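Notes follow the structure.
Chains as they are written, first to last, in my numbering: chain A, 25 to 420; chain B, 68 to 536.
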């Protein structure tokens with residue numbers, strides 16, 4: 025350290041000594057008058073090269089191999105890789121997508137144990153902080169032929185996308201975006217500034233990785249280590265619960281037990297706020313609808329789960345906006361799971377904070393959801409078989 | 068509509084295209100309208116203030132020019148009262164009211180009003196004042212065309228945070244406008260890119276570190292934390308403000324107008340006097356011409372010069388904002404300048420170094436001046452007096468080390484800044500780049516685009532520091 029400081033002082037002294045000599049008289053004259061056309065060519069050439077470099081580095085997967093594996097974008101890249109390498113299970117896979125609530129709340133192990141007899145595999149590919157927009161682009165990449173999964177289970181997100189997390193949403197989706205997505209992807213954001221950034225991220229993907237690039241610049245060795253040992257932190261939960269909260273629905277006042285951390289308290293307050301102002305955000309609804317429309321002509325069922333409304337859900341009056349949104353999504357193809365099935369989970373005993381289940385909550389939620397999905401699938405298979413039987417014979 | 072926002076560049080492109088597609092006179096009116104629109108983006112009501120100031124000074128300028136000698140002074144006083152009245156009321160009323168209330172033992176907000184600070188009021192008020200004062204002094208003539216005068220006050224690149232224009236420099240350009248040469252356009256583009264890099268790559272990165280400390284200095288004890296945060300803020304404020312000026316100058320060049328230089332690498336100044344010849348130059352020259360020189364005109368004694376210098380610097384501090392911190396900041400620089408002058412005068416001629424020795428000693432002078440600039444962050448950035456004392460005591464709390472707020476990446480950026488600053492100072496490479504051949508210019512532009520794409524901070528909207536003044 026001392027040596028480093030000494031070297032730095034000497035270098036800085038030399039630099040300042042060099043400066044103290046005053047401005048150098050340039051031996052070269054400014055070039056002869058530059059024409060407007062030359063400037064135009066220079067700027068155009070620079071822009072072309074700039075786009076080319078960005079395309080080569082960021083659109084060919086070159087930089088994706090250096091992405092921090094624990095970042096949002098890094099997880100998406102890892103998921104893409106692993107999904108592409110996973111062999112098909114004869115169309116008997118059920119994909120579960122969602123954000124951290126689904127990631128923590130749904131246990132692949134418990135579900136697969138239950139579905140083992142029927143030869144069905146549940147794959148929980150939920151991503152923390154993700155929204156239906158990301159699921160849409162993710163499905164486009166991992167299931168281009170729309171035949172990989174027997175069913176896709178999606179939660180019905182009711183909270184609007186937080187404008188403070190726009191950067192995260194853009195960088196998370198960046199590995200999935202193509203040049204042609206610029207318009208549609210950008211249009212999905214709420215304000216002009218975010219739209220411009222989203223648009224730019226499609227054309228210049230490097231701009232979506234600013235945080236990642238600066239992190240690489242700051243900690244290159246740590247990045248190498250993480251790339252060598254990409255240990256994904258599984259969604260964590262424990263036996264902790266937040267029982268003991270008192271909530272007065274009339275005054276909207278909450279009283280927390282002493283052992284709750286500040287973060288837990290904030291998260292519980294936020295969850296209550298979201299439930300109170302419950303409305304399915306336009307963005308989330310539109311992208312869920314797009315997923316449903318995409319799979320409309322395929323054999324894959326889309327199942328939408330209205331997640332339990334949080335530890336205080338049963339105490340809070342909710343508008344019928346969510347039910348109405350759910351209804352509007354329901355088509356012949358989209359199965360809307362019954363929210364009352366999960367009503368018993370809207371108790372503090374099942375939560376670790378305002379949004380996420382603890383172990384007990386996870387167990388119950390997974391069992392109910394798996395049973396419901398399997399039952400619906402069975403019914404759907406039965407209906408399809410029935411439809412084939414009832415169909416008029418084809419004349420030869 | 069910040070210079071580093073998409074909205075601004077869409078606005079700029081539309082206005083630029085409109086300006087060049089119209090004849091100059093119509094284009095000028097369009098630019099004036101666009102400038103008012105730009106200002107109204109923040110708060111439409113505040114346009115009334117700038118219009119009032121413009122109308123008053125336009126007519127006062129005409130009267131001042133033709134008025135008999137006995138009536139000239141009252142007219143100038145009217146201009147001063149109106150302009151400083153607006154500035155004083157909108158910017159300083161609450162400060163003085165709360166100070167007086169505190170003195171009388173009342174609650175701080177006893178006489179406080181809910182006043183919105185008009186963006187850029189300090190800048191356009193000074194521009195407007197210089198116009199009437201210069202006419203009074205017969206250093207310039209009154210402009211006949213109202214549009215020209217209104218354009219001088221409101222032209223959007225300088226409206227919010229300078230540089231502070233002088234009528235005698237700018238109005239002739241408006242009256243005898245010529246289409247910018249290709250070299251000027253090239254230089255304008257280079258300046259805009261440089262300014263954007265300064266703001267989004269350097270200033271905003273250091274802002275994150277500085278904010279982490281200064282938002283709650285008591286949470287980060289120790290000298291290392293305080294010095295690193297003060298250094299972070301020093302770098303932030305320089306790159307932020309000089310970046311803004313570069314963008315403003317670049318935009319003006321693309322329209323065919325020339326703004327004065329506002330920064331000349333102040334971090335490389337060898338003493339506090341030179342520092343103020345390199346930092347916010349247009350403000351330094353303004354206070355020199357309209358404040359310091361009039362104060363010292365009647366008596367050139369050392370004592371009077373020092374007192375005038377101190378008054379000037381205290382007012383420079385107050386110009387920045389209605390807070391005691393800023394006044395102390397000005398006073399701190401006043402003291403440094405007086406101390407420097409005293410030392411300079413006391414050293415016998417025989418002991419003064421020759422040119423060669425001066426060059427060897429120069430790095431120490433630069434380091435000392437820069438360090439004193441870093442210490443000034445404690446006054447400038449702290450949110451209140453209590454925080455300021457916490458930061459100042461932490462800076463010299465040698466018994467407690469604490470943790471640096473500068474990450475490795477920021478240290479590397481700092482070194483990059485030093486290298487670029489040194490090269491620019493010695494070789495003027497940014498200036499020469501505008502005239503360089505394509506094989507130099509194209510890669511330089513590509514590097515600038517890549518720096519902006521990959522290293523700028525776009526996730527958080529960090530406003531320009533000087534917008535608040």
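Built from N, CA and C at the ideal position, the CB exists for glycine as well.
Since we're looking at a predicted model, the values are computed, not measured.
Any chain B beta carbon closer than 7 Å to residue i
{"i": "residue 226 of chain A", "result": "no"}
{"i": "residue 59 of chain A", "result": "yes"}
Straight-line gap, residue i to residue j (C-alpha atoms, nearest Å)
{"i": "residue 392 of chain B", "j": "residue 272 of chain B", "result": "24 Å"}
{"i": "residue 334 of chain B", "j": "residue 126 of chain A", "result": "53 Å"}
{"i": "residue 343 of chain A", "j": "residue 360 of chain A", "result": "Because residue 343 of chain A carries a pLDDT of 49, less than 50, the predicted location of this residue cannot be relied on, and the following value inherits that uncertainty. Whole-angstrom Cα-Cα distance: 18 Å."}
{"i": "residue 383 of chain A", "j": "residue 130 of chain A", "result": "10 Å"}
{"i": "residue 532 of chain B", "j": "residue 328 of chain A", "result": "48 Å"}
{"i": "residue 285 of chain B", "j": "residue 88 of chain A", "result": "41 Å"}
{"i": "residue 493 of chain B", "j": "residue 331 of chain B", "result": "12 Å"}
{"i": "residue 127 of chain B", "j": "residue 210 of chain B", "result": "11 Å"}
{"i": "residue 44 of chain A", "j": "residue 487 of chain B", "result": "15 Å"}
{"i": "residue 285 of chain A", "j": "residue 70 of chain A", "result": "53 Å"}
{"i": "residue 109 of chain B", "j": "residue 139 of chain A", "result": "60 Å"}
{"i": "residue 87 of chain B", "j": "residue 131 of chain B", "result": "35 Å"}
{"i": "residue 220 of chain B", "j": "residue 231 of chain B", "result": "10 Å"}
{"i": "residue 333 of chain A", "j": "residue 151 of chain A", "result": "19 Å"}
{"i": "residue 160 of chain A", "j": "residue 168 of chain A", "result": "11 Å"}
{"i": "residue 148 of chain B", "j": "residue 124 of chain B", "result": "11 Å"}
{"i": "residue 397 of chain B", "j": "residue 385 of chain B", "result": "7 Å"}
{"i": "residue 292 of chain B", "j": "residue 467 of chain B", "result": "10 Å"}
{"i": "residue 518 of chain B", "j": "residue 497 of chain B", "result": "16 Å"}
{"i": "residue 246 of chain A", "j": "residue 481 of chain B", "result": "22 Å"}
{"i": "residue 186 of chain B", "j": "residue 364 of chain A", "result": "54 Å"}
Under 7 Å by beta carbon: chain A residues contacting residue i
{"i": "residue 521 of chain B", "result": "230, 234 and 237"}
{"i": "residue 329 of chain B", "result": "Those within 7 Å of residue 329 of chain B in chain A number zero; the least Cβ separation is about 18 Å."}
{"i": "residue 476 of chain B", "result": "238, 241 and 242"}
{"i": "residue 433 of chain B", "result": "40"}
Residue i: contacting residues in chain B (beta-carbon distance under 7 Å)
{"i": "residue 42 of chain A", "result": "489 and 493"}
{"i": "residue 494 of chain A", "result": "The structure shown does not extend to residue 494 of chain A, since chain A spans only 25 to 420, so no value can be given for it."}
Proximal chain A residues relative to residue i, where beta-carbon distance stays under 9 Å
{"i": "residue 415 of chain B", "result": "Those do not exist, as residue 415 of chain B stays about 23 Å from chain A at its closest Cβ, beyond 9 Å."}
{"i": "residue 430 of chain B", "result": "36, 37, 38, 39, 40, 41, 43 and 44"}
Any chain A beta carbon closer than 7 Å to residue i
{"i": "residue 508 of chain B", "result": "yes"}
{"i": "residue 253 of chain B", "result": "yes"}
{"i": "residue 513 of chain B", "result": "yes"}
{"i": "residue 426 of chain B", "result": "yes"}
{"i": "residue 144 of chain B", "result": "no"}
{"i": "residue 496 of chain B", "result": "no"}
{"i": "residue 270 of chain B", "result": "no"}
{"i": "residue 371 of chain B", "result": "no"}
{"i": "residue 78 of chain B", "result": "no"}
{"i": "residue 249 of chain B", "result": "yes"}
Beta-carbon neighbours of residue i, restricted to chain B and to distances below 9 Å
{"i": "residue 217 of chain A", "result": "72, 73, 74 and 528"}
{"i": "residue 100 of chain A", "result": "Going along chain B, no residue has its Cβ under 9 Å from residue 100 of chain A, so there is no contact; the nearest lies around 18 Å."}
{"i": "residue 47 of chain A", "result": "492, 493, 494 and 495"}
Proximal residues of chain A, C-beta to C-beta of residue i below 8 Å
{"i": "residue 485 of chain B", "result": "36 and 39"}
{"i": "residue 525 of chain B", "result": "191, 221, 231 and 234"}
{"i": "residue 505 of chain B", "result": "62, 65, 66 and 69"}
{"i": "residue 256 of chain B", "result": "63 and 67"}
{"i": "residue 335 of chain B", "result": "40 and 43"}
{"i": "residue 516 of chain B", "result": "70, 71 and 74"}
Do three or more CB pairs link the region 476-491 of chain B to the region 371-390 of chain B at distances below 8 Å?
Flag = no, the region 476-491 of chain B and the region 371-390 of chain B do not touch.
Counting pairs of Cβ atoms below 8 Å between the region 420-435 of chain B and the region 362-372 of chain B, do you hit three or more?
Taking 8 Å as the limit for Cβ pairs, the verdict is that the region 362-372 of chain B does not touch the region 420-435 of chain B.
For the 8 Å Cβ check, are there 3 or more pairs between the region 439-446 of chain B and the region 288-302 of chain B?
Touching, per the Cβ criterion.
Three Cβ pairs or more, each shorter than 8 Å: is that satisfied between the region 195-202 of chain B and the region 143-156 of chain B?
As far as the Cβ criterion goes, the region 195-202 of chain B touches the region 143-156 of chain B, which means the pair count is three or higher.
Inter-stretch contact at 8 Å, needing at least 3 Cβ pairs: the region 313-327 of chain A / the region 164-177 of chain A:
Yes, they touch.
At least 3 beta-carbon pairs within less than 8 Å: the region 500-509 of chain B vs the region 60-78 of chain A
Touching, per the Cβ criterion.
Validate contact between the region 447-463 of chain B and the region 345-353 of chain B using beta carbons, cut 8 Å, 3 pairs:
Not touching, per the Cβ criterion.
Three or more C-beta pairs closer than 8 Å, one from the region 224-233 of chain A and one from the region 191-203 of chain A: is that the case here?
Three or more Cβ pairs closer than 8 Å define a contact, and the region 224-233 of chain A meets that threshold against the region 191-203 of chain A.
Contact between the region 397-416 of chain B and the region 244-259 of chain B (3+ Cβ pairs under 8 Å)
These segments do not touch.
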